[in-house]
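Notes to accompany the following structure.
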Amino acid sequence: MGLNFFILLTGFTIVSIAGYQIAKVFQKIKFPLITGLIITGIIAGSSVLNFIPANSLHRLHFLDDMALSIIAFSAGSELYLKELRSRMTSIKWMTIGQLIITFSISSLVIYFTASYIPFMAELSPEIRAVVALLFGTIFVARSPSSAIAVINEMRANGPFTKTAMGVTVIKDVLVIILFAICFAIAKAVVNNEPLGVLFLFHLFIELTFSFAIGVLLGKVLQVPLSLKLNKHLKAIIVLLLGYSMYLLASVVKVASHDFIQHDITLEPLLICIIGSFVVTNYSKNRVEFIELLEDISPTIYIVFFTLTGASLSLQTLGNVFWVAIAFFALRIITIFLGGVFGVIAAKDDKKYTFISWMPYVTQAGVALGLTTIIAAEFPSWGYEFETIIIAIIVINQVVGPPLFKLAINMVGESHLKFKTPEYDGVKDAIIFGLENQSIALAVALKQHGWVPRIFCKTEDFIESNEAFDIIPLEDFSLNDFKNLNLEKADAIVCLLSDAENYKISELIYEHVGTKDIIVRFNGSRTFLKKFNDLGVRIIDPSLAMINLLDHFVRSPNATSMLLGLDSTQDSVDVEIRNEDLHGLTLRDLRFPTDVIVLSVMRKGRAIISHGYTRLRKGDMVTLVGSTDSIENVRFKLES
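Numbering (the numbering used here), first residue to last: 239 to 877.
And the structure:
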């Protein structure tokens, strides 16, 4: 048995690795990663190649438990209360609308249309009711990871985005509690147990114990996180602690049945989500915990979704496909109604009324995790239930992210970088702030063939000189920028306060698209991360002199050359625009002997250059050499 299990586990590992590679192909054609993983699992499963036989799936069930614990940890880690306070009223009403309306209407509609659903038609009215409740519960679940991915991609920020993120996270916490209640009712009905006061008492005890153990787990998780251990070891400990909650639940269930003739059912998902919530909100280890989960999650998702696909049957999927389409439409309608209710109840901006549902379509880990639990507990109809839900999740994964992006754009909370304009043949430099340094910089740039302009506050304005323009502005706002032809600038330098520098940088990033933004950092740590998020180049005067002296000590000749202290030498960055050079190696370019390529930047990443480095159009090449030769090379690369 041990050897067979090892062979099975090895085979599944190979399938999972293959699944990840196939899933990346799906991503290239704009399909979600989980779609490729599920399809790979279906192909590898008993429906097609039978690499993972159906009768061996139960032996891999422990992988599901491990994955679910990490999924629950990830959901709990997103519930950071300090980030939700500003929109708590909107979050509260939207959550109530999405939870109650989606759950109640979905459950009622499915119950009364059960006779048209193949696997439900033959069930008793009582079991139809609990199946409908479980469908309604799964319909409420959302995907925090998908929401975060869209928000990060769109650089979204604003009241609409904050509300959507808060509702998404809180719903996934509440849905697990709702699931625990409905799942307990379903087991009682299926096992013909009475739903009386004693049942409610047992359910209350089970949920209370689960909450208490979750709080304890949160305290225990802080121990390895606080120790100076290798991060991979910490990740393994976190994974094992999560999995141990499933082992604990199994032991408690068996022991309680033996001693008191009643199964005490703990909820491992709830335990893990509470433990994660405690670490996130009440410990100093929040950042490290989230980073560990980000490291673990990709591998966990590969295993989980591939295994889920392997448990599916193509025949069953075909039989319930139209049911899945109908249920998807039902879920969209209920989410829409919940969104309208939430906006009206919270008295939010009316422009949100008919788009407030768009952020809540996507589903992933939590929904699928709950579904696998149902399928394992109720094998007589759980398999068809799981197949329908997986089909809905795949549809939601395809439709959901574009809808969320559309909603963000419609409310104007996207902060994407504007497309970088084409080079117009003139090296334009814009300098914000009028002082001795900005004037000296403009003079130096002018000497190197640039066309500098200085923008300053009206009260700082002095008369322009013949070398370059000095232009006064009432305010550094988008309206003031519209007629200044900033889109022609090849570089922008900000020499004002950190707040003003950030305001200008963000406006340029979103509305102009200039590639190089240089900021003089004045020491406000609040703005340091914000500058880094925009990708601006930061000059810290407090460190610049130390770094300069350090380079002079360690490499005086190179430093003198790069700083232009040697009048016969220069260093420049040149963008390759000559299409004839695309694909050529550096050794094929026949540069003058007194010019060397110091570095090559491609899409923001430095490439170690050598004779066999192949250039691409758009590469930024740093050249060092004599001024005359550099100009000749520049012309060759840019023309």
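Backbone N, C-alpha and C fix where the C-beta goes; we use that ideal spot for every residue, glycine too.
All of these numbers come straight from a predicted model, not from anything done at the bench.
| Item | Value |
| --- | --- |
| Of all the alpha helix (DSSP H) runs that stay within the bounds of the region 676 to 745, which reach a length of 4 or more residues? | 716 to 719 |
| With a threshold of 6 Å on Cβ separation, who are the neighbours of Ala370 within its own chain once the five nearest residues in sequence on each side are excluded? | Ser345, Ile348 and Tyr349 |
| Using 8 Å as the Cβ pair cut-off and three pairs as the minimum, do the region 375 to 383 and the region 330 to 345 touch? | yes |
| By DSSP's criteria, Thr823 is part of a beta bridge. Which residues make up the other side? | Arg852 |
| Drop a sphere of 10 angstroms on the beta-carbon of Gly650, count the other beta-carbons inside from all chains shown, and report buried for 16 or more, exposed for fewer. | exposed |
| Would you kindly report the start and end of the unbroken alpha helix (DSSP H) that includes Glu526? | Arg524 to Ala548 |
| Among Phe719, Asp718, Lys726 and Ile756, which has the Cα closest to the Cα of Ser736? | For clarity, residue 736 is Asp in the given sequence; the question names Ser instead. Measuring from the Cα of Asp736, the nearest candidate turns out to be Ile756. |
| Measure the alpha-carbon distance for Leu455 versus Phe714 and round it to whole angstroms. | 51 Å |
| If we call anything under 8 Å between Cβ atoms a contact, is Leu733 one with Arg758? | yes |
| Among the candidates Asp832, Arg843 and Arg854, whose CA atom is the shortest distance from the CA of Gly863? | Asp832 |
| Near Ala305, which residues of its chain fall below 7 Å by C-beta distance, leaving aside the five closest residues on each side in sequence? | Ile538, Val541 and Phe542 |
| Just mark Gln553 as buried or exposed, buried being the case when its beta carbon has 16 or more other beta carbons within 10 Å. | exposed |
| Are the beta-carbon atoms belonging to Asp666 and Ala727 less than 8 Å from one another? | yes |
| Can you give me the C-alpha to C-alpha distance between Phe264 and Gln601, rounded to a whole angstrom? | 18 Å |
| For Ile742, which residues of its own chain have a beta-carbon under 6 Å away from its beta-carbon, when the five flanking residues on both sides are left out? | Phe670, Phe714 and Cys732 |
| For Ala256 and Thr273, what's the separation of their Cα atoms in angstroms? | 14 Å |
| Quick one: using the 10 Å Cβ neighbour count with 16 as the cut-off for buried, is Ser328 buried or exposed? | buried |
| DSSP has Met839 in a bridge; who is on the other side? | Ala844 and Met858 |
| Check whether the Cβ atoms of Ser448 and Leu504 lie closer than 8 Å to each other. | yes |
| Where Phe765 and Ser780 are concerned, what is the direct C-alpha to C-alpha distance, given to the nearest angstrom? | 16 Å |
| Mind checking who Asp666 pairs with in its DSSP beta bridge? | Val689 |
| Can you give me the C-alpha to C-alpha distance between Val411 and Val774, rounded to a whole angstrom? | 38 Å |
| Quick check: Met596 and Phe565, are their CB atoms within less than 8 Å of each other? | no |
| Grouping DSSP H, G and I as helix and E and B as strand, with all else coil, what is Val833? | strand |
| I believe Leu679 touches Gly607 by the beta-carbon criterion, under 8 Å. Please report the beta-carbon distance rounded to the nearest angstrom. | The Cβ separation is near 57 Å, so there is no contact. |
| Three or more beta-carbon pairs under 8 Å between the region 625 to 639 and the region 575 to 586, yes or no? | no |
| Is there contact between the region 422 to 433 and the region 681 to 695, where contact requires at least three CB pairs shorter than 8 Å? | no |
| Between the Cα of Gly849 and the Cα atoms of Ser494, Ser837 and Met858, which residue gives the shortest distance? | Ser837 |
| Answer with buried or exposed for Asp808, where buried requires no fewer than 16 other C-beta atoms within 10 angstroms of its C-beta. | buried |
| Could you give the DSSP three-state label for Asp754: helix, strand or coil? | strand |
| Please state if the CB of Ser312 and the CB of Thr544 are separated by a distance shorter than 8 Å. | no |
| If you run the structure through DSSP and keep just helix, strand and coil, what is Ile348? | helix |
| Buried or exposed for Met783, going by 16 or more other Cβ atoms inside 10 Å? | exposed |
| Inspect the beta-carbon positions of Val427 and Ile502 and report whether they are closer than 8 Å. | no |
| Could you spell out where the alpha helix (DSSP H) holding Gln807 opens and where it closes? | It is not in any alpha helix (DSSP H) - Gln807 instead sits in the beta strand (DSSP E) that spans Gln807 to Glu813. |
| Should the region 278 to 295 be regarded as contacting the region 478 to 490, the criterion being three or more beta carbon pairs within less than 8 Å? | no |
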